[in-house]
Amino acid sequence: MDRFFPYGRQCIDQDDIEKVVEVLKSDYLTTGPWVDEFEEEICKTTGSKYAVVVSNGTAALHLAALVLLKKGDKVLTTPNTFLATANSVVYAGGEVVFCDIKEDGNIDMEKAYGMLKNDPSIKAFFPVHFSGNPVDQDILKKIREELNIKILEDCAHSIGATFRMKDNSIVKAGSCTFSDLSILSFHPVKHITSAEGGAITTNSKEQYDRLRKLRTHGMQKEGFINKDMAFSEDGEENPWYYEMQEIGFNYRITDLQCALGISQIKKLDDFVARRREIARYYDEAFKDSPVIPLYEYNENSSYHLYVIRVKYKKNDLTRSAFMNFLREKNIGTQVHYIPVNKQPFYTKRGHGKETIPVMDKYYEECISIPMYPMLKDSDLKYISNTILSKVKI
Ligand SMILES: Cc1ncc(COP(=O)(O)O)c(C=O)c1O
-18 MDRFFPYGRQ CIDQDDIEKV VEVLKSDYLT TGPWVDEFEE EICKTTGSKY
32 AVVVSNGTAA LHLAALVLLK KGDKVLTTPN TFLATANSVV YAGGEVVFCD
82 IKEDGNIDME KAYGMLKNDP SIKAFFPVHF SGNPVDQDIL KKIREELNIK
132 ILEDCAHSIG ATFRMKDNSI VKAGSCTFSD LSILSFHPVK HITSAEGGAI
182 TTNSKEQYDR LRKLRTHGMQ KEGFINKDMA FSEDGEENPW YYEMQEIGFN
232 YRITDLQCAL GISQIKKLDD FVARRREIAR YYDEAFKDSP VIPLYEYNEN
282 SSYHLYVIRV KYKKNDLTRS AFMNFLREKN IGTQVHYIPV NKQPFYTKRG
332 HGKETIPVMD KYYEECISIP MYPMLKDSDL KYISNTILSK VKI
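Residue -18 is where the sequence shown starts when you use the working numbering, and the numbers rise one by one after that.
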């Protein structure tokens, strides 16, 4: 095989390129009409009332954490996530508490419920819909209704995913049905891309207004405190005037990126459909083999990642030898994730000794294999056969 298959990659066509070129020829490169249009498209896709697009998913998490947390607040999250989820708590002056996961890679929702209920010092819950498989929304609903805590859903992996509730109703990822805020990421390995980019969705007008302010330095154009500076002697509002009442950032995203995002989001359904087909292909290829897919086929998952579990030792392998073997065969893999609580930054803050046996075992065995819509069935055959040639037990 002469092509390299990364574990994830973008899918860009001529149409996407033309949409970006259109912006380059327009009057706006940033803070233009494509920003509003991308936000509208995100609302349509997720079913949330409001969306605020920002420069990346990490910026989205940062602003979301600032809106939800007070200094010193404890926040419960999963160790099986990218650093940014936990880091956002630290940015906002909070303290992270880690909860173990279940066999499907998601935070253990029953356990999380118990921890939140029994420890009133935990003020917020940041679940991650790992790999595109939403956490149990019936339990999230229970947490929302019974416990007075803030909820942020990290949907960086899960745009396009759904969850079927016990009453058969469907909850869309990013809709904030049982949360205050959700965040999305449009990094190239995700379902849709704007090169870099992210968004926060919410159903609260108040939070939406605050997030928009924080995105641009904390500047506001109404509700002024310095009335003498904001208005001229005849009572007219001064057209140049803006005011900063709290510290914000430049987390804006460009119109070039938003145009790409708009073009991409229109293809999301097709992208997710192909991801699900790929998952089915792999599931079938690994059936009755020692390669264990992370979870049984789930029609609601939007399959950002396809994770398999392998007993390396039994196969006289180390994971790094297995990854190097696959790399030589032009197959890229990755480990999602190193338990965040074991990162030196977090061990210095007293973490690392949490009892999280499911996460620890999962981390020993997991590996993500190529998953993106452009993979053809012949590619999948090559990838799965190459994996199976090395994993015998
Ligand atoms: C679960 C999760 N949250 C947040 C992020 C951060 O997104 P970004 O890379 O757009 O900053 C990522 C990115 O990989 C992620 O996987």
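Beta carbons are placed, not taken as given, at the ideal position from N, Cα and C, and that holds for glycine.
Is residue i near ligand 1, going by C-beta to nearest heavy atom under 7 Å?
| i | result |
| --- | --- |
| N37 | yes |
| H138 | yes |
| H168 | yes |
| T183 | no |
| A65 | yes |
| L57 | no |
| T62 | yes |
| G86 | no |
| L275 | no |
| L50 | no |
| V109 | yes |
| G53 | no |
Residue i: buried (16+ other C-beta within 10 angstroms of its C-beta) or exposed?
| i | result |
| --- | --- |
| Y278 | exposed |
| Y222 | exposed |
| D(-3) | buried |
| A45 | buried |
| R308 | exposed |
| A302 | exposed |
| E265 | exposed |
| Q201 | buried |
| I319 | exposed |
| K83 | buried |
| T328 | exposed |
Between which two residues does the beta strand (DSSP E) containing residue i stretch?
| i | result |
| --- | --- |
| L165 | L162 to S166 |
| Y31 | Y31 to V35 |
| L57 | K55 to T58 |
| I246 | Unbroken run through I246 is the alpha helix (DSSP H), D236 to I246; no beta strand (DSSP E). |
| R290 | Y287 to R290 |
| K153 | I151 to K153 |
| A176 | That residue, A176, is in no beta strand (DSSP E); it is neither H nor E in DSSP. |
How long is the line joining the alpha carbons of residue i and residue j, rounded to whole angstroms?
| i | j | result |
| --- | --- | --- |
| H332 | E18 | 42 Å |
| A254 | A73 | 37 Å |
| K334 | K292 | 24 Å |
| G229 | V35 | 13 Å |
| A211 | F205 | 7 Å |
| I140 | E203 | 34 Å |
| D117 | K131 | 17 Å |
| S163 | T183 | 7 Å |
| K186 | Y(-12) | 38 Å |
| P351 | M96 | 35 Å |
| R290 | K98 | 32 Å |
| Y263 | S365 | 7 Å |
| E296 | L133 | Per the sequence shown, residue 296 should be read as Asn rather than Glu. One C-alpha to the other measures close to 40 Å. |
| E91 | T59 | 13 Å |
| I120 | S160 | 12 Å |
In terms of residue numbering, what span does the alpha helix (DSSP H) encompassing residue i cover?
| i | result |
| --- | --- |
| K362 | D358 to K371 |
| K6 | From DSSP, K6 is part of no alpha helix (DSSP H); its letter is neither H nor E. |
| V339 | P338 to E346 |
| I259 | L249 to F267 |
| G(-11) | Taken as a continuous stretch (DSSP letters only), G(-11) belongs to no alpha helix (DSSP H), as it is neither H nor E. |
| W15 | P14 to T27 |
| Q188 | K186 to R196 |
| S49 | As written in the sequence, residue 49 is Leu, which differs from the Ser given in the question. It spans G38 to L49 - the alpha helix (DSSP H) in which L49 sits, taken as one unbroken run. |
Legend entry - Length at least 4, wholly inside the region 64 to 144: the alpha helix (DSSP H) runs in chain order: 64 to 72, 90 to 99 and 118 to 127
Inset, instruction - Return the chain-ordered ranges of every alpha helix (DSSP H) run that is complete within the region 274 to 335 and spans a minimum of 4 residues. - result: 300 to 309 and 325 to 328
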